[in-house]
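Here the structure is laid out as structure tokens; the discussion comes afterwards.
Residue numbers (the UniProt record's numbering): 1 to 372.
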């Protein structure tokens, strides 16, 4: 049943941020499903409440039934009431959970309240494949709760020899329509899409989700040291936040950008001796995004900003689309280094390699990055 609940949770992944997406199935001892559901938009019901409502709509009593959930039922009053209380009030007899909630406001308290009310609680071992799958499904939420920063996924579209643009800057389109649509699906699950001012000025991107259905648009983050973002840039779309991180203050430009709908945050970097670098402090930027409830950051930037993020060890995962092309000279995926020893290379672990249309989609995590 947990596996089925995970499939439900996956359906809510683009809907639930900043909350985790939780799937819940309520069933009898013989496996008859009474109700099921997954987390809705922030402020809406969680997976457990949706499952209870589904059971009620079907005319089923859930007294004594078992609730299978992908994450510990919450125990605090946030945008909604505690799910553990709703399960107790409905008469649930047992809860089987994939794992505990890393949120300090929950962190075992949901299980404790269920047990105190006489509900039997079973939690999968942390190494159980279904527990690992539950964690991976909400990796951004876990990152924000534990590390206080989002999970950073860098998306790159490149030729087989690793080039992302020709020497003259032409890059559209290296990969196929199928790969581009798949990339939009990954945008859709992110809380925010991050880019640099170079990409904004050169490509005038919208950085929205257009090629797949989505219930919401991810926010946009621009690394813009000198506040060069045009107030009429295409990325200003109603209903989503635009965060512009700068290194130096400029009141006139700030007012113009704020009038366009942006939030301007000053986040200057400094050398070891305390002097300003003139660039944005990227690590501090991620800490600030964590405080703004951003779970997953989807990076779509040029080789310079990509290189800075890699150099500073801020990327957790790479989403790379490789086209069956050889381009020779041109821009690479990330401009950093040069390295003098192979031991200095960023070590990765491939987690998925699939063909998408004519292209390859490679997912690779920085080794050990998910151990938190």
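Note that the Cβ used here is the ideal one computed from N, Cα and C, for glycine as well.
Counting only runs that start and end inside the region 236-314, the beta strand (DSSP E) elements of at least 3 residues fall at 242-246, 262-266, 268-270, 276-280, 296-299. Per DSSP, residue 341 is not a residue of any beta strand (DSSP E), being assigned neither H nor E. In the DSSP assignment, residue 146 falls outside any beta strand (DSSP E) and within the unbroken alpha helix (DSSP H) covering 139-146. Taking a 10 Å sphere around the C-beta of residue 79, we find fewer than 16 other C-beta atoms and assign the residue as exposed.
Three or more pairs of CB atoms, one per stretch, sit closer than 8 Å, so the region 65-72 contacts the region 95-104. With contacts defined by Cβ atoms closer than 9 Å, residue 276 and residue 247 form a contacting pair. Out of 268, 310, 350, the CA that lies nearest to the CA of residue 284 is found in 268. Note: residue 359 is bridge-paired with 356 in the DSSP secondary-structure output. Looking at the backbone, the Cα of residue 117 and that of residue 15 are separated by about 31 Å. Straight-line measurement puts the Cα of residue 144 at about 8 Å from the Cα of residue 291.
The residue from 19, 324, 307, 313 with its alpha-carbon nearest to that of residue 173 is 324. Between the alpha carbons of residue 171 and residue 134 lies a gap of roughly 36 Å.
By DSSP's assignment, residue 24 forms a beta bridge with 37, 69. By the neighbour-count criterion, in which a residue is buried when 16 or more other Cβ atoms sit within 10 angstroms of its Cβ, residue 161 is exposed. The continuous stretches of alpha helix (DSSP H) do not include residue 98, and DSSP gives it neither H nor E. Within the model, the alpha-carbon separation for residue 24 versus residue 203 is close to 43 Å.
Distance between residue 255 and residue 230, taken at the CA atoms: about 12 Å.
Selection 350, 353, 336 evaluated against residue 344 yields 336 as nearest (Cα-Cα). Between residue 140 and residue 190, the gap from beta carbon to beta carbon is short of 9 Å. Under the 10 Å beta carbon count, residue 350 is surrounded by fewer than 16 other beta carbons and is classified as exposed. Apart from sequence neighbours up to five positions away, the residues of its chain that approach residue 53 with a beta-carbon distance below 8 Å are 35, 37, 45, ordered along the chain. One alpha carbon belongs to residue 138, the other to residue 339, and they sit about 34 Å apart.
Spatial neighbours of residue 86 in its own chain (CB-CB distance under 7 Å, excluding positions within 5 residues in sequence) are listed in chain order as 48, 49, 52. Of the residues assessed, residue 226 falls on the exposed side of the cut-off, its CB having fewer than 16 other CB atoms within 10 angstroms. When rounded, the separation of the alpha-carbon atoms in residue 327 and residue 10 is 37 Å. Within the model, the alpha-carbon separation for residue 233 versus residue 206 is close to 8 Å. Taking a cut-off of 8 Å for Cβ pairs, the region 286-303 and the region 213-225 touch, as three or more such pairs fall below it. Between residue 75 and the set 90, 63, 105, 65, the nearest pair of CA atoms involves 105.
Here residue 115 has 121 as same chain residues with Cβ atoms under 7 Å from its own Cβ, once five neighbours each way along the sequence are excluded. The alpha carbon of residue 5 has as its nearest neighbour, out of 312, 93, 39, 356, the alpha carbon of 39.
Considering only 365, 2, 311, the residue with the shortest C-alpha distance to residue 128 is 2. About 18 Å separates the beta carbon of residue 363 from that of residue 314, a gap too long to meet the 8 Å contact definition.
Looking at the backbone, the Cα of residue 357 and that of residue 165 are separated by about 20 Å. Listed as beta-bridge partners of residue 318 by DSSP are 154, 364. Sequence-distant Cβ neighbours of residue 41 in its own chain, meaning closer than 6 Å and more than five residues away, are 15.
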